[in-house]
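Below is one structure, written out as structure tokens, with a few remarks after it.
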Amino acid sequence: MTEPYNFSLWDGGFVKSLKKWRKKHHDVMDRFEKMLSLLAENPFHPSLKTHSLTGNLKGYWAFSITYEYRIMFRFLSEDKVLPVDIGAHDEVY
Numbered sequence: 011m012t013e014p015y016n017f018s019l020w021d022g023g024f025v026k027s028l029k030k031w032r033k034k035h036h037d038v039m040d041r042f043e044k045m046l047s048l049l050a051e052n053p054f055h056p057s058l059k060t061h062s063l064t065g066n067l068k069g070y071w072a073f074s075i076t077y078e079y080r081i082m083f084r085f086l087s088e089d090k091v092l093p094v095d096i097g098a099h100d101e102v103y
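The numbering of the sequence shown is the working numbering, which starts it at 11 and goes up by one.
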């Protein structure tokens, strides 16, 4: 088994978006934490529906928290992930 992904680096914009998002969506925080744990274990776990982005977001990836909400991130290295944004599909992309 490989080491879990390192989340020690958090984008300042992501932290701000997360604080705002948490206030509005406290009802899905358990799901958020579960999905973040899955990402740490395996960023391509089927439950995450991880997918690469295209166009002006090429180089970024996203995974689903729920049907509506996503987290956009990028790989910094083989074992480091940087969350960049959180929100509804239309807000993140």
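Positions of the beta carbon are idealized from the N, C-alpha and C atoms, including for glycine.
Just so you know, these numbers come straight off a predicted model, no measurement behind them.
Secondary structure at D95: strand, using DSSP grouped into helix, strand and coil.
Buried is the label assigned to D95, since at least 16 other Cβ atoms lie within 10 Å of its Cβ. In the three-state scheme derived from DSSP, where H, G and I count as helix and E and B as strand, H55 is classed as coil.
Per DSSP, reduced to three states, the secondary structure at L63 is coil, with no helix or strand assignment.
Scanning its chain for C-beta atoms nearer than 8 Å, with the 5 sequence neighbours on each side dropped, one finds around H61 the residues W71, A72 and F73, in chain order.
By the 16-neighbour rule on beta-carbons within 10 angstroms, G97 is buried. The continuous alpha helix (DSSP H) containing G23 extends over residues G22 to K34. S57 and R41 have their C-alpha atoms some 11 Å from each other.
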